[in-house]
Amino acid sequence: MILAQTLPTPVGPLAVLAHDGVLVAAGFTADPREMFVRLSPRLQGLPLRETHDLGDAAQAVRDYLDGKVDALDDMAAEQPGTPTRQRLYEALRAVPAGTTVSYAELAVKAGLPRTAARAAGSACAQNLVAPFVPCHRVLPASGGYGGYYYGTCVKEWLLKHELRG
125 MILAQTLPTP
135 VGPLAVLAHD
145 GVLVAAGFTA
155 DPREMFVRLS
165 PRLQGLPLRE
175 THDLGDAAQA
185 VRDYLDGKVD
195 ALDDMAAEQP
205 GTPTRQRLYE
215 ALRAVPAGTT
225 VSYAELAVKA
235 GLPRTAARAA
245 GSACAQNLVA
255 PFVPCHRVLP
265 ASGGYGGYYY
275 GTCVKEWLLK
285 HELRG
């Protein structure tokens with residue numbers, strides 16, 4: 125079974141989905157089904173049930189919003205991807221709150237050549253567990269915020285929140 129809870133945030137609702145206590149999706153949407161349909165076929169074969177208390181994951185979100193900006197870092201999360209993509213997700217989770225990296229720097233942190241910046245961008249675009257896997261902390265080397273699946277305004281808020289935390 126996939127359990128889902130939608131939590132309020134200053135930039136809109138955050139749907140968080142877990143399977144057996146492990147996060148499998150999270151995203152800024154009021155409808156957990158929007159995240160559910162992005163899951164692997166194996167997980168989509170399980171029933172989706174909304175809950176009012178997802179436990180540790182919900183508490184981590186509340187703690188994060190209350191200013192403990194590293195609260196999301198230790199939550200177990202898994203998502204599909206090649207070994208290279210998994211290395212990029214691990215490297216993303218190691219980027220501390222309040223800091224940013226470029227796509228090329230993320231590739232290097234994952235043990236890939238700087239030329240793998242495109243792979244880093246693709247991993248961020250396909251990330252199913254935002255903001256727990258903090259792709260919002262990756263900025264283009266050319267400046268600005270770049271893109272973000274949930275909108276640049278959400279990315280900007282997350283980064284500013286983490287600087288205050």
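Residue numbers (the working numbering): 125 to 289.
No residue lacks a Cβ here, since even glycine has one placed at the ideal position from N, Cα and C.
Just so you know, these numbers come straight off a predicted model, no measurement behind them.
Helix, strand or coil: how does DSSP classify residue i here?
i: glutamate 202; result: coil
i: valine 185; result: helix
i: glycine 151; result: strand
i: valine 257; result: coil
i: leucine 131; result: strand
i: alanine 139; result: strand
i: glycine 225; result: The sequence shown places valine at residue 225, rather than the glycine named in the question. Strand, per DSSP.
i: valine 278; result: helix
i: valine 146; result: strand
i: valine 232; result: helix
In terms of alpha-carbon separation, which member of the options lies closest to residue i?
i: alanine 86; options: Pro220, Gln250 and Arg209; result: Here the chain comprises residues numbered 125 to 289, so residue 86 is not present and cannot be evaluated.
i: proline 258; options: His176, Thr175, Glu280 and Arg242; result: Glu280
i: histidine 143; options: Ala244, Ala201 and Tyr272; result: Ala201
i: glutamine 203; options: Lys192, Gln250, Leu178 and Arg261; result: Gln250
i: leucine 171; options: Phe160, Arg238 and Asp177; result: With the sequence shown as reference, residue 171 is identified as proline, and leucine is not the correct amino acid for it. Comparing Cα positions, the closest option is Phe160.
i: aspartate 180; options: Thr224, Ala265, Tyr213 and Ala128; result: Ala128
i: alanine 184; options: Glu174, Met199 and Thr175; result: Met199
i: tyrosine 273; options: Ala265, Leu287, Gly245 and Asp190; result: Gly245
i: arginine 162; options: Arg217, Val140, Gly145 and Ser226; result: Val140
i: isoleucine 126; options: Pro264, Arg166, Glu214 and Ala228; result: Arg166
i: tyrosine 269; options: Gly235, Gly289 and Tyr227; result: Tyr227
Mark residue i as exposed unless 16 or more other C-beta atoms lie within 10 angstroms of its C-beta, in which case mark it buried.
i: proline 156; result: buried
i: proline 293; result: The chain is shown only over 125 to 289; residue 293 falls outside these bounds and no answer can be derived.
i: valine 148; result: buried
i: glycine 267; result: exposed
i: proline 255; result: buried
i: glutamine 168; result: exposed
i: threonine 130; result: buried
i: valine 253; result: buried
i: glutamate 286; result: buried
i: histidine 176; result: exposed
i: valine 146; result: exposed
Within the continuous alpha helix (DSSP H) that includes residue i, where are the two ends?
i: histidine 176; result: Segment: none, histidine 176 is in no alpha helix (DSSP H) and carries neither H nor E.
i: threonine 208; result: 207 to 217
i: alanine 247; result: 241 to 250
i: arginine 238; result: From DSSP, arginine 238 is part of no alpha helix (DSSP H); its letter is neither H nor E.
i: proline 171; result: Looking at the DSSP string, proline 171 is not in any alpha helix (DSSP H), and its letter there is neither H nor E.
i: arginine 157; result: 156 to 160
Using beta carbons (cut-off 8 Å, strictly below), is residue i in contact with chain D?
i: serine 246; result: The chain inventory of the structure shown lacks chain D, comprising one protein chain alone.
Three-pair Cβ contact test at 8 Å for the segment 127 to 141 versus the segment 274 to 288: Because the criterion of three Cβ pairs below 8 Å is met, the segment 127 to 141 and the segment 274 to 288 touch.
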